[in-house]
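What follows is a short report on a single structure.
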Amino acid sequence: MTALRRIRPLIVATLLLFTTVPRVFAQEADSSTGPIRTIGGSVLFVQQGNGFEAQIDGKPFDRLNAGRIAHFDEPSGTRMIVEAFDSGAPELVLYDFSKRPPAVERIGRRMKLTGVFWQGNEVVLKSADGWFRFQRGTLTKLVSSKMIYH
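Here it is, written out as structure tokens:
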């Protein structure tokens, strides 16, 4: 009983630590065309000619000029980053399914992603060119950070 009283504060502190640490979701690319469940509905990428039409519940909301695509989906189903491969480095697009119709944001820089980390209202992108943060429509190259991304 005395041992339990001694370690009880340690157990409580550990539980508090795990409940207050920001959640980081890392992900690798998925090349399926759908259907993909999101909070806005079911997303499907339909190949049409030399590109893909992005549809939500059968209604088109974007067109990608690409021979193939890959996507990174936020586990909550709220957002998705799509890599549209045509020639060279892929075009990057962020979809936000919390908006009606889904918000479509083109990320200004072309790059092949090796990982995506979802954090609150920002997305951290890992590529051969380095680490980048995309937040509120702005892409920023991360030079040095005290934040640790796994």
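Just so you know, we're using numbering that gives the first Met the number 0 here: the sequence shown kicks off at 0 and counts up by one.
The C-beta atom is built at its ideal place from N, Cα and C for all residues, glycine as well.
Pair within 8 Å by beta-carbon distance, residue i and residue j
i	j	result
T151	K125	Residue numbering for the chain in the displayed model covers 0 to 149; residue 151 lies beyond these limits and cannot be assessed.
R132	V142	no
L91	I80	yes
D61	V115	no
Residue of the options minimising C-alpha distance to residue i
i	options	result
G119	S75, I55 and D61	S75
F84	W117, P59, V103 and H70	H70
Residue i, buried or exposed, once every other Cβ within 10 Å from all chains shown has been counted against 16
i	result
D72	buried
T137	exposed
Q134	exposed
R22	With a pLDDT of 47 at R22, under the threshold of 50, the predicted position of this residue should be treated as unreliable, though the coordinate-derived value follows. Burial call: exposed.
V45	exposed
G129	exposed
Residue i to residue j span [Cα, whole Å]
i	j	result
I55	I38	11 Å
S86	S97	31 Å
T32	K58	15 Å
F17	Q47	With a pLDDT of 41 at F17, under the threshold of 50, the modelled position of this residue cannot be trusted, and the question is left open.
P34	R67	16 Å
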